[in-house]
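Chemist: Sequential numbering of the sequence shown, starting at 184, is according to our numbering.
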Amino acid sequence: MLHKVAEANLLTESEVERSFRRLFKNQEVSDETFDKAELLVDELRPENPLRHRLTVELDELREHFASKQ
184 MLHKVAEANL LTESEVERSF RRLFKNQEVS DETFDKAELL VDELRPENPL
234 RHRLTVELDE LREHFASKQ
């Protein structure tokens with residue numbers, strides 16, 4: 184029963200992707216932004232292809248913003 188309650192709070196793939204994109208659109212990116220993005224990615228199952236894609240994008244974004252500093 185507890186397992187079903189926990190699953191009910193998971194975001195859909197669409198919600199995760201939309202929220203992920205919003206984090207990096209038209210705003211200052213900080214360590215907190217990356218932390219929020221990681222939490223969103225963690226909403227997806229480990230085997231989910233979107234999780235893999237967003238993880239790769241997150242790594243690329245970290246490199247991009249690190250090179251700007």
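Each residue gets a CB set at the ideal place from its N, CA and C atoms; glycine is no exception.
Model, not experiment: these values are computed from the prediction.
If you check the beta carbons only, do F207 and L244 fall under 9 angstroms apart?
Modeler: Position 24 of the sequence shown holds residue 207. Position 61 of the sequence shown holds residue 244. Cβ atoms of F207 and L244: closer than 9 angstroms.
Chemist: Taking all protein chains shown into account, do 16 or more other C-beta atoms lie within 10 angstroms of the C-beta of A220, making it buried, or fewer, making it exposed?
Modeler: For the purposes of this step, residue 220 is identified with residue 37 of the sequence shown, where counting begins at 1. Classified as buried, A220 has 16 or more neighbouring CB atoms from the shown chains inside 10 Å of its CB.
Chemist: If you compare alpha carbons, which of V212, N209, S202 and S213 is closest to V224?
Modeler: Translated into positions along the sequence shown, residue 224 becomes position 41. Nearest C-alpha to V224: S202.
Chemist: Whose C-beta lies closer than 8 angstroms to the C-beta of R234 among residues of the same chain, with five residues either side of it excluded?
Modeler: Indexing the sequence shown from 1 puts residue 234 at position 51. Listed in chain order, the non-local C-beta contacts of R234 below 8 angstroms within the same chain comprise V224, L227 and R228, local neighbours out to five positions each way being set aside.
Chemist: Quick check on the DSSP output: the alpha helix (DSSP H) that includes V239 runs from which residue to which?
Modeler: Taking the first residue of the sequence shown as 1, we reach residue 239 at position 56. Counting along the chain, the alpha helix (DSSP H) containing V239 begins and ends at P232 to K251.
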